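Okay, so the sequence shown: first residue is 339 according to the working numbering, each after it adds one. Just so it is clear, CB atoms sit at the ideal spot from N, CA and C, and this is done for glycine as well. Note that the structure is predicted; figures quoted are calculated from it, not measured. This report refers to the structure that appears directly beneath it.
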Amino acid sequence: MTEKNFDYLFPQAKLNPVVLRGYVWKVILDPTRNDDDPGMFFGRLFRMIDIRLNRDEKSTWPEGIVFENVTSGCLLTFQDGKLLDLTNSKIIQKKPRIRNRNRHSIH
339 MTEKNFDYLF
349 PQAKLNPVVL
359 RGYVWKVILD
369 PTRNDDDPGM
379 FFGRLFRMID
389 IRLNRDEKST
399 WPEGIVFENV
409 TSGCLLTFQD
419 GKLLDLTNSK
429 IIQKKPRIRN
439 RNRHSIH
């Protein structure tokens with residue numbers, strides 16, 4: 339018998355569908371959390387596109403919220419309205435404006 343016939347006996351590793359869609363940033367510290375109340379964001383998963391600000395946006399995230407990447411362990415937080423990578427202490431810049439060939443902003 340060949341080894342192929344026994345593949346069904348061993349569970350195959352499946353990718354988490356949440357990770358496939360990019361929801362890899364989990365809130366591990368939520369400033370809106372009080373005692374037994376879990377807060378608005380604690381334990382929830384977000385995408386980087388949800389966290390990172392557009393050039394013209396102001397932060398609506400609570401000051402001091404901490405996100406952890408569930409695959410890499412990197413940490414992000416908001417301080418003074420800026421997104422800060424706690425892993426290497428760098429500010430993550432806002433998304434640049436997207437311009438077409440005529441240098442007009444696309445919104």
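Rounded straight-line distance, which links the Cα of residue j to that of residue i
i: E406; j: L424; result: 10 Å
i: I387; j: R359; result: 11 Å
i: E401; j: K420; result: 9 Å
i: F384; j: D368; result: 13 Å
i: N426; j: D374; result: 32 Å
i: V365; j: L413; result: 10 Å
i: W363; j: S410; result: 10 Å
i: K428; j: L422; result: 6 Å
i: Q431; j: R371; result: 27 Å
i: D418; j: N392; result: 16 Å
Strand pairing of residue i, partner residues [DSSP]
i: E406; result: K364 and L413
i: N426; result: DSSP output for N426 lists no bridge partner at all.
i: P375; result: The sequence shown places Asp at residue 375, rather than the Pro named in the question. DSSP, once it has assigned bridges, lists N372 as partnering D375.
i: F384; result: W363
Any chain B beta carbon closer than 8 Å to residue i
i: L391; result: Included in the structure is just one protein chain, with no chain B present.
Whole-number beta carbon distance between residue j and residue i, since they are thought to touch under 8 Å
i: S397; j: F379; result: Their Cβ separation, rounded to whole angstroms, is 13 Å, which puts S397 and F379 out of contact at 8 Å.
Contacting residues, own chain, Cβ-Cβ under 6 Å from residue i (five flanking each side not counted)
i: M339; result: Low per-residue confidence applies at M339: pLDDT is 48, beneath 50, and the placement is therefore not dependable enough to give any value.
i: Y361; result: L383 and R385
i: W399; result: F416
i: G381; result: none
Same chain, Cβ closer than 7 Å to residue i, neighbours up to 5 away in sequence not counted
i: I403; result: V365, L367, D368, P369, F379, T415 and F416
Spatial neighbours of residue i in its chain, beta-carbon cut-off 8 Å, leaving aside the 5 residues before and after
i: P376; result: D368
i: V408; result: V357, V362, W363, K364 and L383
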